[in-house]
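Residue numbers (the working numbering), protein chains in the order written: chain A, 13 to 322; chain B, 8 to 652. Step one of this worksheet: look at the structure below.
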Amino acid sequence: MEKEINKIEYITQSLSDYLQGKERALALSLISFFSKGHLLIEDLPGLGKTTLAIGIAKSLGLSFGRIQCTSDLLPTDITGLSIYNKSSGEFEFHPGPIFNNIVLCDEINRATPKTQSALLEAMEEKQVTIEGKTYKLPKLFCVIATQNPAEQFGTFPLPESQLDRFMMKISIGYPSRDAEKEILKIGSRREEIYLIEPVMDHEEVMDIQEEIVKKVYISDKILDYTLSIIQATRGNGYLATGLSTRGALTITNTAKTNAYFRGRDFVIPEDIKELAEYTIPHRVIFKEEYENLNKREIIKSLVDGIPAPL
Amino acid sequence: MILKNIQQVKIGHAVNAISYLIGIMAFVGIYEHIHGAYSAFFISMFLASIYFEYRKNYYIPRRALTAFSVLVILFFFYKFDSSELITQTLEALLVLLGIKFLEKKQVRDYMQIYAIALFLLSGLGLMTLGMDFVVYFLILVFLLSVAFVLLTYYAQDSSLEFSKGSMAKLVAKCLWIPLLAIPLSVVMFVILPRTQYPLLDFLNRPDRAKTGFTDRVRLGEVSSIQEDASIVFRANMEKVEESVLYWRGIALDYFDGTSWRSFEKRLFVPNTRTTKIEGRRIRQMIYLEPYQNVYLFGLDKPVFISTRYVKKYDDLSYSSSIYIDRRMRYEVLSIIGDIIEDENIDEERYLQVPENISSRIVDLVNTTIRGKEGPEKIWSLYSLLHDGEFKYSLQNLPLSKNPLETFLFDSKYGNCEYFASTFAVMLRIAGIPSRVIGGYRGGYYNDVGQYYLIPQKNAHVWVEAFVPQKGWFRYDPTPASMENFALPLEGGSLLKARIFLDTVNYYWYAFIINYNLEKQISFIRKVRTGIKKPSLRLKFDKDGLSKYLIIALSIAGMIIVVRLLIMPRQSREKKLLSAFLQKMEKHGYRKEASQGLEEFVSRVDDERLREQASTFVRSFEEIYFRDKTFTRESVAGLRNILASM
Ligand SMILES: Nc1ncnc2c1ncn2[C@@H]1O[C@H](COP(=O)(O)OP(=O)(O)O)[C@@H](O)[C@H]1O
Ligand SMILES: [Mg+2]
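The following block contains the structure:
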């Protein structure tokens with residue numbers, strides 16, 4: 013366990029050379045990834061989303077695919093398509109960018125609902141079906157989707173019911189003044205990121221994912237605590253709908269990974285509390301009149317109202 | 008379900024349980040005087056409400072019960088018979104009490120239950136006047152006082168929780184209320200109205216200066232000072248020798264010729280000498296009256312004062328950053344001794360003398376210390392004042408622009424301010440750094456309440472002189488100052504009565520009034536109960552005995568029922584955890600319910616404590632959140648960590 017944690021630690025450290033002062037966002041992305049979940053990053057352009065996605069893929073030794081969403085993007089541009097090969101006389105499947113381990117789907121809210129739903133379906137089922145034939149996606153598969161919160165016109169916001177598919181929703185945020193100065197000094201290191209040496213390989217990544225599921229112990233006390241949080245979201249005055257069971261699973265899965273990253277093989281309440289503002293807000297629907305409030309704060313105070321299981 | 012910290016007792020449960028106890032006691036008192044049918048009715052209502060409340064969590068709607076109560080009252084009016092007025096009233100009240108229990112009880116319902124119980128009690132008093140009534144009366148008054156205290160807490164915050172220990176202590180303290188009530192009522196109703204003793208007129212005659220603490224010692228302005236017997240603070244602590252009782256308040260370092268001020272106060276920075284805390288330790292809980300200043304008093308020398316917003320200064324005085332215009336309480340840890348270790352003091356600050364200092368004084372100092380060295384210098388000046396021709400007085404004080412000179416060479420009368428000021432200035436002239444300390448001296452010990460009572464008239468100033476390589480030594484140059492403060496107020500036995508009365512005051516303030524609940528609870532946890540209980544002997548006749556047996560059995564039965572229903576058994580880990588939390592609370596850290604342990608510990612500022620606490624937390628969680636069992640060894644290990652914290 014120690015060796016693995018050191019490696020993960022090392023990845024966060026070395027990537028923060030390319031993303032100054034963004035250790036938190038990096039750590040969260042890694043937690044989401046090792047919990048086998050997809051990640052939604054909501055942020056303005058130019059804050060390092062692409063850098064983050066490529067960096068993670070490279071240092072984990074995984075393949076990387078990229079989809080730039082536009083309104084004329086077709087579902088097959090994502091999944092790939094069968095093309096008739098005249099010489100062989102057969103249909104040949106040309107896999108799309110989704111057949112990669114880490115798939116960056118930039119500005120997902122610019123794609124049409126139809127394309128979005130093809131992507132979301134692939135994310136959920138881990139396979140694509142084209143002309144009656146089913147193609148399995150790689151076992152290690154993680155979508156990092158980004159959306160630009162400032163852009164409203166000509167976009168198709170992801171339906172609230174679909175947001176649930178993302179394990180976490182994070183934002184990177186502006187770098188601090190000091191960090192930004194450092195960036196300006198060094199200049200863009202965007203090219204170099206493709207040259208990062210992998211720290212792990214495919215095999216190792218899968219082993220860690222398995223180890224987290226199997227070895228990190230989650231006590232009934234923690235489960236009760238989780239249920240109390242879920243219950244609180246369901247009866248809450250600010251919320252129209254509470255957490256689903258998928259949401260509940262996310263809470264425990266990410267908590268396990270968080271515990272693992274901290275070198276523990278058991279979950280404590282803090283593992284859950286720390287992540288609540290990234291795992292919960294996009295899975296609940298706020299009542300219309302509270303739409304404009306700070307959702308993270310509301311969720312935080314909701315979780316703060318639940319006594320720790322001690 | 009959320010896991011609860013089961014070792015805590017919820018205030019709501021406690022109030023409810025004691026109300027049931029009061030109900031059963033009220034019933035036990037009167038059951039032989041009323042018709043059996045009403046007894047049966049009451050018992051069944053009573054049991055039904057326990058059953059509904061604890062087993063079913065169901066309450067009969069209030070409206071139905073109100074309607075029923077109205078019917079009951081009508082029924083009693085209907086069969087009213089003036090020859091059996093009291094019996095019938097008791098019966099009606101008992102039936103109403105039974106109905107009251109069935110409701111989902113709120114604060115006012117509890118009040119009504121207690122009121123009915125009191126009515127039943129007084130009704131019983133009309134029917135019997137035997138010794139057994141006194142016993143019964145005492146028990147019920149005791150229960151009611153506990154109930155009122157609990158209800159006060161409950162009304163403020165119904166989700167409060169007490170540890171079992173603190174609950175027990177709270178109850179033990181309440182034991183005193185009914186016991187004190189008896190002699191007290193004698194004092195109040197019999198003795199006091201016949202005396203001329205001015206209990207409340209300390210505040211009259213504002214035209215004259217009064218004794219009391221001040222943060223600026225002024226000389227030469229008034230010629231006579233009136234003694235003020237009003238209390239400035241109470242200090243709950245063990246009884247100690249009279250000579251130890253110097254209550255430090257402020258240190259004054261600057262003298263302008265007529266007044267002393269605290270001029271260059273700096274915040275305390277520990278150094279190798281000042282952090283030494285060897286010596287006899289005494290803890291005090293101080294209950295400070297709103298005395299309209301900011302300084303916090305503690306037995307000399309106070310090394311630690313625990314309260315919020317406290318500032319510690321380099322001269323070992325403390326102030327509150329909030330103006331003290333409300334009664335407040337804090338704990339002080341003091342190391343007893345006549346010396347305060349210190350080094351590298353700011354000599355300029357402590358050698359300052361007014362520029363226009365009288366040459367007569369300088370000459371006097373020089374002749375006095377001629378040929379003397381070191382401590383001998385101090386002693387020669389000390390005995391000049393202390394053992395010389397100067398007299399302690401609150402009258403005939405020098406009215407002068409040069410008060411020290413007038414005091415030394417003309418009037419020779421002065422209060423402690425004159426003695427201390429003169430001594431400090433003379434020391435400074437002799438090249439010995441000195442400062443004037445203001446505070447209180449002495450106090451009257453209240454054996455019942457185990458606290459010192461310090462009146463304003465005990466305000467005092469003394470001097471500290473600095474000896475290189477050693478530190479500050481205390482000198483009290485005021486002659487016979489012991490007698491001034493050790494002797495009680497005039498009027499010996501009345502004083503005792505007054506001090507006794509003050510006990511009630513003390514308990515009232517200490518437990519019920521005014522302090523915020525959080526502090527109250529932590530205080531209750533810490534308070535040691537060490538009061539000797541007076542013996543209460545009663546003769547029992549055979550008939551009576553069976554009755555007491557019934558009372559005792561029903562109380563025991565009730566307690567068992569309540570225990571079974573309310574308080575689950577406390578497990579090892581819960582005990583351990585609450586020991587940890589209590590420890591942290593002593594250090595001033597209180598875990599919020601939603602905080603996890605690591606989160607809680609990470610907020611600790613003190614690095615050493617944080618490390619120890621996280622060691623504890625880590626090993627505790629290893630077992631707790633892995634659902635392993637706490638073995639004897641692991642508990643012992645954890646206890647060890649706790650002990651070192
Ligand atoms: N925190 C950061 N530290 C270092 N470089 C950064 C940081 N944030 C952004 N950049 C730089 O800004 C540029 C834009 O980053 P990019 O990842 O393409 O952003 P996005 O995909 O969000 O539009 C890149 O050159 C990247 O190196
Ligand atoms: Mg980009």
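We treat Cβ as the ideally placed atom computed from N, Cα and C, and that holds for glycine.
For residue i, which residues of its own chain have a beta-carbon under 6 Å away from its beta-carbon, when the five flanking residues on both sides are left out?
i	result
K227(A)	D277
P486(B)	H393 and Y399
S418(B)	P405
I310(A)	Y250
I531(B)	Per-residue confidence for I531(B) stands at a pLDDT of 40, beneath the threshold of 50, marking its modelled position as unreliable; no derived number is given.
S188(A)	G33
A431(B)	S441, V443 and V470
R273(B)	D321
Q527(B)	Bear in mind that a pLDDT of 41 at Q527(B), under 50, signals an unreliable position, so the number given afterwards is only what the model happens to contain. Nothing meets the Cβ criterion.
S44(A)	L51, M179 and M180
I292(A)	I311
If residue i and residue j are in contact, beta carbons under 8 Å, what's the gap, nearest whole angstrom?
i	j	result
D222(B)	R255(B)	At roughly 13 Å, the Cβ-Cβ gap does not stay under 8 Å, so D222(B) and R255(B) are not in contact.
F48(B)	G30(B)	In fact, because the Cβ distance is near 13 Å, the residues do not count as touching under 8 Å.
R588(B)	V642(B)	Just to set this straight, residue 588(B) is Leu in the shown sequence, not Arg. The Cβ separation is near 16 Å, so there is no contact.
G108(A)	D89(A)	6 Å
G36(B)	L92(B)	Actually they are not in contact, since the Cβ atoms of G36(B) and L92(B) sit about 18 Å apart, beyond 8 Å.
I25(B)	Y160(B)	I25(B) to Y160(B), Cβ: 12 Å. No contact.
E286(A)	N270(A)	6 Å
R69(B)	E110(B)	6 Å
I195(A)	I53(A)	Actually they are not in contact, since the Cβ atoms of I195(A) and I53(A) sit about 19 Å apart, beyond 8 Å.
T62(A)	L116(A)	6 Å
Quick one: what's got a C-beta closer than 7 Å to residue i's C-beta in the same chain, skipping five residues either side?
i	result
G208(A)	Looking at the sequence itself, residue 208(A) is Ile, so the reference to Gly does not match. Around I208(A): G67, K70 and S71.
G286(B)	I342, I343 and G344
S76(B)	L103 and I106
Should residue i and residue j be called a contact, given that it needs their Cβ atoms to be closer than 8 Å?
i	j	result
G456(B)	Y513(B)	yes
S324(B)	Y294(B)	no
V16(B)	K112(B)	no
T266(A)	S47(A)	yes
Y458(B)	A242(B)	yes
Y482(B)	V468(B)	no
R442(B)	A258(B)	yes
A324(A)	I234(A)	Beyond the ends of chain A as shown, which are 13 and 322, falls residue 324(A); an answer cannot be given.
L147(B)	Y117(B)	no
L415(B)	I368(B)	yes
T264(A)	T245(A)	no
I95(A)	L149(A)	no
A154(B)	V22(B)	yes
At a cut-off of 7 Å, is residue i close to ligand 1 when judged by its beta-carbon and the heavy atoms of the ligand?
i	result
R201(A)	yes
P57(A)	yes
I68(A)	no
A191(A)	yes
T63(A)	yes
Q32(A)	yes
G49(A)	no
I195(A)	yes
P475(B)	no
G1(B)	Only positions 8 to 652 of chain B appear in this structure, which leaves residue 1(B) out of reach.
G144(A)	no
P187(A)	yes
G60(A)	yes
Who are the Cβ neighbours of residue i in its own chain at under 8 Å, not counting the five residues just before and after it?
i	result
D613(B)	H594
E271(B)	D260, Y261, D353 and R356
K598(B)	L588, M591, L604 and F607
S256(A)	D176 and R295
R288(B)	L340, S341, I342 and I343
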